[in-house]
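In our numbering, the protein residues as written are 6 to 490.
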């Protein structure tokens, strides 16, 4: 019974974690562990076995498919796939599985449609007491580069306390510890604040929501520790791979042949009764998840773990990701690529005797600079203005490119990886006679300005990289002014 009570809250807790990600597929694995729970007899479905899952994200919608084995009443196992769809544009969450062909739709806010359900269900809807939800979020300050994205280490504490006459009878505590990545391609502005939720068929509790802050980003490694009635359950989720590929709109709607359910329990119930007595279960206690203060990084996608401590007598310069404003306002991906290339080129160029540079997280630059013991920070802005020119201009710029031996199809020799990355980023946005402006500010962590500069360059031909020379000149000036602390 305790296991069932804890499992009932899994979907709710997942919905309380803010989800965040154009068209992306994330492959994950999830496992649940209960300390002291005996092992399942051989041949029986193990509810604690790792479960593969796939997350699909497109625009303002996210779908999660999780597969697991279910024990059949008269022996044997069957494969079940549980699906949850978040339609942020409609502020709806849809749940269904591949067995009973029913789906349940509810508001993402957590507000249950009791009036609609009361009119369509055989049993009257009953509202009882109040459940108070309290807690908050802590940013550990740890950062890493995972799957090509900036990741942050956050912790969250949640306590659900039932009042008198509440459908929920026991206090539930949840501790969440995880690494989260910000995916700018995904937009889900809804902030879930439940005012009531369903405990069983026809029974609802009002919710006094007092949470402070919320987790932002998509989890790539997360451990949830749930405690209720003296029992603990650990739910561990880890991303294995992130893929960018086109996704069908049909993925984010319930199947056409599925029927709407009146209650979430109708979707969760199965025709095969899994509560039948299966006899005594014996076996060794399974391994449990350790809830440590420092969560390990996921095994996949690690590109750059947090930097080591700075050596005494050296200078470390932090590079904040620049603001990039392109002439085509909708070129957000191109702007992001140029921003990444600028950081990489600064990191490569700002190297000297006892001097090094590191990238700073875009959402917590100051905290990152402090954690990485930076002596200086570079803030930069890039702007582009179209120069026009028409057909005559294109002929002229093509002629200049031919004379210089450069252009979109020119293969540079002995170019560094950072320089090549910048050339590739610029090739997609630069037109002949476009003007690019680089502004940068070189400061100390306390915001004291050491130097500032502005450089403008005009492209002679389409695809020309006019930023690299300016960044290298800026790096020389910064190295000349950087002094050991």
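Glycine residues also receive a C-beta, built at the ideal position from the N, C-alpha and C atoms.
{"Check": "Alpha carbon to alpha carbon, how far is residue 448 from residue 184? Give it in angstroms, no decimals.", "Outcome": "30 Å"}
{"Check": "Excluding the 5 residues preceding and the 5 following residue 342 in the sequence, name in chain order all residues of the same chain whose CB lies nearer than 6 Å to its CB.", "Outcome": "430"}
{"Check": "Grouping DSSP H, G and I as helix and E and B as strand, with all else coil, what is residue 376?", "Outcome": "helix"}
{"Check": "Answer yes or no: do residue 227 and residue 181 have a C-beta to C-beta separation smaller than 8 Å?", "Outcome": "yes"}
{"Check": "Residue range of the alpha helix (DSSP H) that residue 360 falls in?", "Outcome": "Run containing residue 360: none in the alpha helix (DSSP H); it sits in the beta strand (DSSP E), 360-365."}
{"Check": "According to DSSP, simplified to helix, strand and coil, what is residue 427?", "Outcome": "helix"}
{"Check": "State buried or exposed for residue 457, treating a residue as buried only when at least 16 other CB atoms are found within 10 Å of its CB.", "Outcome": "exposed"}
{"Check": "Using three-state DSSP, classify residue 169 as helix, strand or coil.", "Outcome": "coil"}
{"Check": "Skipping 5 residues on each side, what residues in its chain have a beta carbon closer than 8 Å to that of residue 352?", "Outcome": "324, 362, 363, 364, 423"}
{"Check": "From 462, 259, 463, pick the residue whose C-alpha is nearest to that of residue 109; which is it?", "Outcome": "259"}
{"Check": "What are the boundary residues of the beta strand (DSSP E) that residue 99 is part of?", "Outcome": "97-102"}
{"Check": "Alpha carbons only, please: which of 211, 375, 34, 441 is nearest the one belonging to residue 146?", "Outcome": "375"}
{"Check": "Under a three-way DSSP split, which group does residue 55 fall into?", "Outcome": "coil"}
{"Check": "Residue 148 and residue 366: beta carbons closer than 8 Å?", "Outcome": "yes"}
{"Check": "Between the C-alpha atoms of residue 235 and residue 175, what's the straight-line distance to the nearest angstrom?", "Outcome": "10 Å"}
{"Check": "So is residue 358 buried or exposed if we call it buried at 16+ other beta carbons inside 10 Å?", "Outcome": "exposed"}
{"Check": "Taking the straight line between their C-alpha atoms, what separation do you get for residue 96 and residue 111?", "Outcome": "9 Å"}
{"Check": "Please tell me whether residue 168 and residue 134 are closer than 8 Å, where the distance is taken between their beta carbons.", "Outcome": "yes"}
{"Check": "Tell me, please, which residues DSSP counts as bridged to residue 455.", "Outcome": "Answer by DSSP bridge pairing: none, since residue 455 is not bridged."}
{"Check": "Around the C-beta of residue 348, are 16 or more other C-beta atoms found within 10 angstroms, so that it is buried, or is it exposed?", "Outcome": "buried"}
{"Check": "My output table needs one value for residue 447: the three-state DSSP class, helix, strand or coil.", "Outcome": "strand"}
{"Check": "Here's the rule: buried if 16 or more other CB atoms are within 10 angstroms of the residue's CB, otherwise exposed. What is residue 255?", "Outcome": "exposed"}
{"Check": "In the DSSP assignment, find the unbroken alpha helix (DSSP H) run with residue 32 in it and report its ends.", "Outcome": "Here residue 32 belongs to no alpha helix (DSSP H); instead the beta strand (DSSP E) covers 28-38."}
{"Check": "Assuming residue 29 contacts residue 62 under a Cβ cut-off of 8 Å, what Cβ separation, rounded to an integer in Å, is found between them?", "Outcome": "5 Å"}
{"Check": "Considering residue 348, what are the terminal residues of the alpha helix (DSSP H) in which it resides?", "Outcome": "337-354"}
{"Check": "So, helix, strand or coil for residue 481, using DSSP?", "Outcome": "helix"}
{"Check": "Rounded C-beta distance between residue 103 and residue 272? I'm assuming under 8 Å.", "Outcome": "That pair is no contact at about 11 Å."}
{"Check": "With residue 326 and residue 107 assumed to form a contact (beta carbons below 8 Å), what rounded beta-carbon distance in angstroms separates them?", "Outcome": "The Cβ separation is near 46 Å, so there is no contact."}
{"Check": "Excluding the five sequence neighbours on either side, which residues of its own chain have a C-beta within less than 7 Å of the C-beta of residue 84, listed in chain order?", "Outcome": "72, 74"}
{"Check": "How many Å lie between residue 94 and residue 113 at the Cα?", "Outcome": "10 Å"}
{"Check": "What separation, rounded to the nearest whole angstrom, lies between the Cα atoms of residue 446 and residue 245?", "Outcome": "39 Å"}
{"Check": "In angstroms, rounded to a whole number, what distance separates the CA positions of residue 470 and residue 40?", "Outcome": "59 Å"}
{"Check": "Taking the alpha carbon of residue 377 as the reference point, which residue from 443, 212, 315, 35 has its own alpha carbon closest?", "Outcome": "315"}
{"Check": "Whole angstroms are fine: how far does the CA of residue 59 sit from the CA of residue 251?", "Outcome": "15 Å"}
{"Check": "Is the beta carbon of residue 360 closer than 8 Å to that of residue 487?", "Outcome": "yes"}
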